[in-house]
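Remarks on the structure that follows.
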Amino acid sequence: MNKPTSLYIHIPFCEHICSYCDFPKLQYFSTFSNKYLKRLKEELDSYHINEQLETIYVGGGTPSALPFDELKQLLEIIKPYSSGVIEYTFEANPESLSLDKIKLLKSYGVNRISLGMQSTQEKYLKVMNRHHSFFDVRKVVDNLVDEGIDNINVDLILGLPNMNLKDLKADLDNVLTLPIKHLSCYSLTVSPHTAFYINGIKPQEDDVMREYYDFVHYYLLDKDFIHYEVSNWAKEGYMSKHNLTYWKNEQYYGVGLGASGYIGNIRYTNTKSINQYNNGHNEKEEEVVDLPSLKTYMIMTNLRTIYGLDLNEYKALFNEDLLAVKGVEIASLIGNKLIKIENHRLIPTYEGMMVLDQLILELL
127 MNKPTSLYIH IPFCEHICSY CDFPKLQYFS TFSNKYLKRL KEELDSYHIN EQLETIYVGG
187 GTPSALPFDE LKQLLEIIKP YSSGVIEYTF EANPESLSLD KIKLLKSYGV NRISLGMQST
247 QEKYLKVMNR HHSFFDVRKV VDNLVDEGID NINVDLILGL PNMNLKDLKA DLDNVLTLPI
307 KHLSCYSLTV SPHTAFYING IKPQEDDVMR EYYDFVHYYL LDKDFIHYEV SNWAKEGYMS
367 KHNLTYWKNE QYYGVGLGAS GYIGNIRYTN TKSINQYNNG HNEKEEEVVD LPSLKTYMIM
427 TNLRTIYGLD LNEYKALFNE DLLAVKGVEI ASLIGNKLIK IENHRLIPTY EGMMVLDQLI
487 LELL
């Protein structure tokens, strides 16, 4: 059994809580964070990772919310695992990623930054309780490029309250004045316990969201971005290697509060209670991945990207020819221009990506 070559580390701390956020997170307090970093190191060490990792992704929360000394402590904890890593990503917010922190990250080998921008417009940043401006984003991106980190992603949220196509175009126009290589665009989802939910804010209708995605798709296509995954666009050669681990249904270590991992035939999710985690009681939810659920995961994840599902690999794993078993469904999907077959791979078209649930149901 191949061992995972990707590592995800979760840092749950934030300078402030955004109106839409549903990730395991809490306001930064040093009393929590000191203990958390100790527990994180213990959990990381417990996996006895001795193989060469290819990707490391530090997400959150907001990893850049850690003060300089604690950020350095975190980087020291990760250091034994980071040499030779191809892609080493940190998530950051524009207001907490100072030049000092950029220099520090660079010195430890971090070579990719994912910036939580969400919008370029003041009115929407306010609504989301974001504490930065587009000017701050521009400054941070300039600093990153000056320090030699040019593999930069920014996040954009589509369908914010009262947003329209004109606003979306303004966001994209602004974003593309930056020298970025990757853009993630997510539909606004309103989850229970978030400020948006409590204030009765509803996501925009599906057909409106589809209009937004169509607009982004064709706008970015025109600017040489490749729409390589449902919510992700990149310049050639800058697709997120780490996230492709998830989308190819490959294994990875997940460490930290609420983090998920996939090792051997076990998928697990850590406790979401900071008190439990900090006290060393990391009760994991575990799922044993048997052959039928492996098949489900493989189809669900692989069809999210333009790389699609490898039919030969599928046949070798399950001793089943998908084209023979699902011939009628596949022919119908091809006829409706939702998928295509190229080089023994089943690949979703853009239209197919937009109705992914339908594809998956047909093929399972």
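In terms of this note's numbering, the sequence shown opens at residue 127 and continues consecutively. All C-beta atoms, glycine included, are put in the ideal place defined by N, C-alpha and C.
| Item | Value |
| --- | --- |
| On the CB-based measure, 16 or more other CB atoms within 10 Å of its CB, does S366 come out buried or exposed? | buried |
| Pairing CB atoms from the segment 217-226 with CB atoms from the segment 163-180, are three or more of them under 8 Å? | no |
| Return yes when the C-beta of Y338 is under 8 Å from any heavy atom of the ligand PLP, and no when it is not. | With respect to the ligand PLP, the structure shown offers nothing to examine, as it has no ligands at all. |
| Applying the criterion that 16 or more other CB atoms from any shown protein chain within 10 Å of the CB defines a buried residue, is H308 buried or exposed? | buried |
| What residue from G186, N396, L485 has the CA that sits closest to T427's CA? | L485 |
| Locate the beta strand (DSSP E) running through T215, then write down its first and last residues. | 213-218 |
| Scan the segment 370-427 and note each continuous beta strand (DSSP E) run of 3 residues or more that stays entirely inside, going in chain order. | 379-381, 386-389, 392-395, 411-414 |
| In terms of DSSP beta bridges, what is H308 paired with? | N279, A360 |
| Candidates Y162, Y433, G384: which alpha carbon is nearest E411's? | G384 |
| Roughly how many whole angstroms lie between the Cα atoms of G453 and L487? | 14 Å |
| At the level of alpha carbons, what is the spacing between L347 and G363? | 15 Å |
| Which runs of the alpha helix (DSSP H) fall wholly inside the segment 221-303 and span at least 4 residues, in chain order? | 225-233, 248-253, 260-272, 291-301 |
| Looking at C-alpha atoms only, which residue of A450, Y207, E221, G187 is the closest neighbour of L133? | Y207 |
| What are the boundary residues of the alpha helix (DSSP H) that includes P474? | Premise fails: P474 lies in the beta strand (DSSP E), 471-474, not in any alpha helix (DSSP H). |
| So, at 6 Å on beta carbons, what are the nonlocal neighbours of T395 in its own chain, with the 5 sequence-adjacent residues on each side left out? | S386, E411 |
| Pick out whichever of L304, L291, L449, I456 has its Cα sitting closest to the Cα of R336. | L291 |
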